[in-house]
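Worksheet: the structure to be examined is printed underneath.
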Amino acid sequence: MKLSLGRIVEILANLGVIAGLVFLGLEIQQNNELLETEIIATRQAIRAQDFLLPVEYPELGQALIDSRNGKELTEYQILILDRVISTTLFNWQFIHAEFVKGRIDEEDLPIRVWRQAFRGGSTSENDYWPEMTEFWQRNHIAFNPAFVAWMEENIVNP
Numbered sequence: 265m266k267l268s269l270g271r272i273v274e275i276l277a278n279l280g281v282i283a284g285l286v287f288l289g290l291e292i293q294q295n296n297e298l299l300e301t302e303i304i305a306t307r308q309a310i311r312a313q314d315f316l317l318p319v320e321y322p323e324l325g326q327a328l329i330d331s332r333n334g335k336e337l338t339e340y341q342i343l344i345l346d347r348v349i350s351t352t353l354f355n356w357q358f359i360h361a362e363f364v365k366g367r368i369d370e371e372d373l374p375i376r377v378w379r380q381a382f383r384g385g386s387t388s389e390n391d392y393w394p395e396m397t398e399f400w401q402r403n404h405i406a407f408n409p410a411f412v413a414w415m416e417e418n419i420v421n422p
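Under my numbering, the first residue of the sequence shown is numbered 265, with each subsequent residue one higher.
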C-alpha cells in the first residue's frame with residue numbers, strides 16, 4: 265500500500281494533535297498540583313499569622329489577657345476583640361465558601377477547632393479566647409445566610 269504525501273502529512277498532523285493533548289493534560293495536572301500546594305501554603309500562612317497576632321499587636325495581647333483573667337475591659341479593648349472576632353468569622357466564612365465550591369474537602373474543615381474557639385477555648389486550654397457567642401448573636405446578620413445556617417448547625421448548636 266502506497267501512501268500519498270498528503271495522507272502522510274495528515275497522519276503526522278493527527279499524531280501532533282494527540283501529542284499536544286497529552287502534553288496539555290500533563291501541564292494541567294502539574295498546574296493543579298501547584299495550585300493545591302499554594303492553597304495549603306496560604307492556609308498555613310493564615311494560621312501562623314492568626315497565632316502571632318497577640319505578639320504583633322501587644323494591645324490585642326493585653327486585651328486577651330485581661331479578658332482571660334476576668335478584668336473589666338476598656339471600650340478600646342472591646343473594640344479590638346470585636347474586630348478580631350469579626351475578622352476570624354469572615355475568614356471562616358471564606359473557608360466555608362471554598363468548601364461549598366468544592367475547593368476544600370469536608371475533612372479539611374477544622375470544625376472541632378472552630379467549636380472550641382467559638383466557646384473561648386483552644387485545643388490546649390480553656391478561656392484562651394473570648395467567647396464568640398454574644399458577638400455572633402449581635403452580628404450574625406452581617407454574614408452570608410448560607411454560612412449562618414451552616415454555623416448554627418455545625419458550630420453554634422452542633
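Every residue gets a Cβ at the ideal spot worked out from N, C-alpha and C, and that includes glycine.
Owing to the predicted nature of the structure, the values given are computational and were not obtained by experimental measurement.
Residue closest to residue i, alpha-carbon to alpha-carbon, out of the options
i, options, result
"I359", "W414, P322, V273 and E336", "W414"
"W356", "F407, E339 and L324", "F407"
"E395", "E416, L285 and R332", "R332"
"E323", "I310, Q308, E339 and R311", "E339"
"P422", "R383, Q294 and I304", "R383"
"Y465", "P374, G334 and F363", "Residue numbering for the chain in the displayed model covers 265 to 422; residue 465 lies beyond these limits and cannot be assessed."
"F354", "E371, W378 and G366", "W378"
"P409", "D369, A361 and G270", "A361"
"N403", "F363, T352, R367 and E370", "T352"
"N418", "L267, T306 and I375", "I375"
Residue i, enclosing alpha helix (DSSP H) - first and last residue
i, result
"H360", "E339 to V364"
"R383", "Counting along the chain, R383 falls outside any alpha helix (DSSP H), and DSSP gives it neither H nor E."
"M415", "P409 to M415"
"L373", "Premise fails: L373 is in no alpha helix (DSSP H) and is neither H nor E."
"S268", "Element bounds for S268: n/a, residue is neither H nor E."
"G325", "P322 to R332"
Assigned exposure category for residue i - 16 Cβ within 10 Å defines buried
i, result
"F315", "exposed"
"Q293", "exposed"
"L286", "Reading off the sequence, residue 286 comes out as Val, not Leu. So V286 ends up on the exposed side."
"Q308", "exposed"
"Q401", "exposed"
"Q313", "exposed"
"A431", "The first residue shown for the chain is 265 and the last is 422, placing residue 431 beyond what the model contains."
Practice task
Count the C-beta pairs between the stretch 319 to 328 and the stretch 336 to 350 that are closer than 8 Å, then say yes if the count reaches three, no if not.
Solution key: yes
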